[in-house]
Amino acid sequence: MPDKQRIMMCAPDHYEVSYVINAWMEGQIGRADRTLAVRQWNDLHAIIARYADIVLQPPQPGLPDLVFTANAGFVIGDIAVVSHFRNTERKGEEKYDHEFFKSAGFKIADWPKDALFEGAGDALLDRGARLIWTAYGLRSDARAATLLGQVYGREVVTLKLVNPHFYHLDTCLCPLTGGYVLYYPDAFDAESRGKIESVVPAGRRIVASKEDAFAFACNAVDLAPRVVMGNASEGLQQALRAKGFDPIVTPLGEFIKAGGSAKCLTLKLVEE
Ligand code: ARG
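Read in order, the letters of the sequence shown correspond to residues 1207 to 1478 in this note's numbering.
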């Protein structure tokens, strides 16, 4: 990890569930409690602020999912790829994300307008090897992998998502410092599971149970040795401790109603 990480967050002033674009949002329109969401977000903010500088993106009325800054884009060094959302409901976020990265000092990479890519929701840096994990199947296009490889000159491992509850890569896979990967195998097709097994040695794979996966335990923020997460069973916390990690669990249930948890609410801005 860099000496001091900088993490992008966006306060939930306008957060709500007002449309359905993933399986978690079904039946949740109007059901998120903003007061509780603010409290949960403030608690997450306070935890992250102990270990990283937080850079805030201004919230915008009418863009309730802007809080999920993982989807703003993807960065390595001083180059940012700004997201190109699949759903019209989120396309309005793109110009604010563009402005954010520019004002934060990033160069914006060229990217074809029609290549769908949802940022660090679907592209994650491995925390051991020099490679990028990407996913397609539900949100980002498969060709985003090739494009990212061209922008950053890095090896990219592409995985196919097959379960609508795990529509972004960061809902079901989390690279952890030291080359560990916490993941939920059933979110991927067989070929992708094989790729994960061939890249990550057995001793570095931490498999989330169905219960943990559906509680968003894989949506964790790696601040090694800490792992910040919205939920994790005792068993998973023990498994993490056995590998030298220090899980910090803070409830984020109001955000699960929109299909997100700890990792979705953050974006690391210092990446090498
Ligand atoms: N409602 C948002 C969507 O469906 C949630 C995004 C969660 N973000 C994430 N990185 N998984 O797009």
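We put the CB at the ideal spot given by N, CA and C, even for glycine.
Please read all numbers here as calculations on a predicted model, not as lab measurements.
Set against 8 Å, the gap from the CB of C1380 to the closest heavy atom of the ligand ARG is not smaller. Runs of the beta strand (DSSP E) lying entirely within the region 1312-1360, each at least 3 residues long, are 1329-1331 and 1337-1342 in chain order. At least one heavy atom of the ligand ARG lies less than 8 Å from the C-beta of I1227. Annotation: the continuous alpha helix (DSSP H) that includes L1442 extends over E1440 to A1448.
By the criterion of a C-beta distance shorter than 8 Å, I1254 is surrounded in its chain by I1213, M1215, I1260, V1427, L1429, V1434 and T1472, once the five residues flanking it on both sides are discounted. Using a cutoff of 8 Å, the CB of Y1390 does not count as near the ligand ARG, since none of the ligand's heavy atoms is closer than that.
One Cα belongs to L1331, the other to A1348, and the distance between them is close to 17 Å. For P1265, no pairing in a beta bridge is given by DSSP. Cβ-Cβ distances below 7 Å link T1383 to M1207, R1333, D1428 and A1430 in the same chain, with the five nearest sequence neighbours on each side left out; the list follows chain order. Here the alpha carbon of R1411 sits roughly 41 Å from the alpha carbon of P1267. Under the three-state reduction of DSSP, T1364 is assigned to strand.
Pairwise C-beta distances place the region 1336-1343 in contact with the region 1351-1366, as three or more of them are shorter than 8 Å.
By the neighbour-count criterion, in which a residue is buried when 16 or more other Cβ atoms sit within 10 angstroms of its Cβ, E1299 is buried.
Around the beta carbon of T1294, fewer than 16 other beta carbons lie within 10 angstroms, which makes this residue exposed.
When secondary structure is reduced to three states using DSSP, H1290 falls in the strand class.
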